[in-house]
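The opening position of the sequence shown corresponds to residue 0 in numbering that gives the first Met the number 0, with each subsequent residue numbered one higher.
We treat Cβ as the ideally placed atom computed from N, Cα and C, and that holds for glycine.
Bear in mind the structure is a predicted one, so any value in this text is a computation, not a measurement.
Taking it in order: structure first as structure tokens, then the write-up.
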Amino acid sequence: MSGSSITDFQVEVARVFFAMPEAGSFLLAGGLALAAHGLTERPTKDLDVFTSKAEDVAVAAEAFTRAAADREWMVETVQESETFVRLSVVGQDDLIVDIGLDSPPDLPPTMSLLGPTFAPLELAARKLLALFDRAMPRDFVDVFRLVQRWDRDELMSLARAIDQGFDATVLAIAMRQLDRYRNDDIPIGSAELPELRAYFHGWVQELVSEAADGRQRAREES
Numbered sequence: 000m001s002g003s004s005i006t007d008f009q010v011e012v013a014r015v016f017f018a019m020p021e022a023g024s025f026l027l028a029g030g031l032a033l034a035a036h037g038l039t040e041r042p043t044k045d046l047d048v049f050t051s052k053a054e055d056v057a058v059a060a061e062a063f064t065r066a067a068a069d070r071e072w073m074v075e076t077v078q079e080s081e082t083f084v085r086l087s088v089v090g091q092d093d094l095i096v097d098i099g100l101d102s103p104p105d106l107p108p109t110m111s112l113l114g115p116t117f118a119p120l121e122l123a124a125r126k127l128l129a130l131f132d133r134a135m136p137r138d139f140v141d142v143f144r145l146v147q148r149w150d151r152d153e154l155m156s157l158a159r160a161i162d163q164g165f166d167a168t169v170l171a172i173a174m175r176q177l178d179r180y181r182n183d184d185i186p187i188g189s190a191e192l193p194e195l196r197a198y199f200h201g202w203v204q205e206l207v208s209e210a211a212d213g214r215q216r217a218r219e220e221s
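Below, the structure written as structure tokens:
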């Protein structure tokens, strides 16, 4: 698609998926959902769809495999369990489709050109949770973009509501993983790299300082 990081094949695959009756409980998430709302421009080869109903995962994966075969796309199951299926889809382009179980939406879902998604603010909070969980280079880039749109305290508050295991101290540890990545590993222009690294360094320092202040208050109150 002209002027967008979203490809025509991604649009087609998403629309095929969401046209299925078996996809009724699913929402688009991840980098492609962020791009669909104009929140990021980072290209992605993943299409992530999630439901809060475990029994719908296998049913939707099987239905999508049939729908893809009807279009003469090549589909290979890369990973499969009761609550998660990863498919490699090859047609006019190639794409990884992840069909899985996740927590239900905290905010009302939103429609996009690709289909129903989590609300933009919730997509941002879930991307912060992705950084918290795995701290991949692309997560730092996406969160760096998203905090330019939303207050990071708001994102942290919603992330905590979505996942009660979210913890600011552990988030600081995850963010320190950025130092392990070379500049070439991080999918952002070289001109912005120093700003990105400085931003997360500053955020880590604030989280560490806040944690220390919290421990001091707890000692004083005990």
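Can you look up residue i in the DSSP assignment and give me helix, strand or coil?
i      : result
Ser208 : helix
Ala18  : helix
Thr50  : strand
Leu33  : helix
Ser1   : Legend: pLDDT at Ser1 = 36, less than 50; position of this residue unreliable, value from coordinates given subsequently. DSSP places Ser1 in coil when its eight states are reduced to three.
Report the rounded CA-to-CA distance for residue i versus residue j, giving the unit in angstroms.
i      : j      : result
Ala32  : Gln9   : 11 Å
Gly114 : Ala173 : 31 Å
Asp47  : Val140 : 18 Å
Val169 : Gln176 : 11 Å
Trp149 : Ile5   : 23 Å
Leu122 : Asp7   : 22 Å
Glu81  : Asp45  : 20 Å
Arg144 : Thr50  : 26 Å
Ala57  : Phe83  : 8 Å
Ala35  : Met135 : 21 Å
Pro42  : Arg218 : 48 Å
Glu21  : Ser111 : 19 Å
Phe63  : Val74  : 10 Å
Arg179 : Glu71  : 42 Å
Pro103 : Glu11  : 25 Å
Val89  : Asp69  : 13 Å
Leu106 : Phe117 : 7 Å
Arg125 : Gln91  : 30 Å
Asp138 : Ala211 : 26 Å
Val96  : Leu27  : 11 Å
Phe25  : Glu40  : 23 Å
Ala66  : Ser87  : 14 Å
Tyr198 : Glu61  : 43 Å
Ile187 : Thr76  : 31 Å
Leu192 : Asn182 : 7 Å
Val207 : Arg151 : 15 Å
Glu194 : Ala129 : 21 Å
Arg85  : Asp55  : 14 Å
Ile185 : Arg196 : 10 Å
Ala190 : Asp93  : 30 Å
Who does residue i pair with in a DSSP beta bridge?
i     : result
Gln78 : Arg85
Ala28 : Asp47
Item to complete: Please list the segments of the alpha helix (DSSP H) lying wholly inside the region 159-203, counting only runs of 4 or more residues, in order along the chain.
Response: Unbroken alpha helix (DSSP H) runs of no fewer than 4 residues, entirely contained in the region 159-203, are found at 167-174, following chain order.
Fill in: Contiguous beta strand (DSSP E) assignments of at least 3 residues, all confined to the region 89-167
Segments of the beta strand (DSSP E) lying fully in the region 89-167: 93-100, 109-111, 114-116.
Worksheet item: Should the region 157-166 be called in touch with the region 12-22, which here means at least 3 C-beta pairs below 8 Å?
Response: Verdict: no, contact absent.
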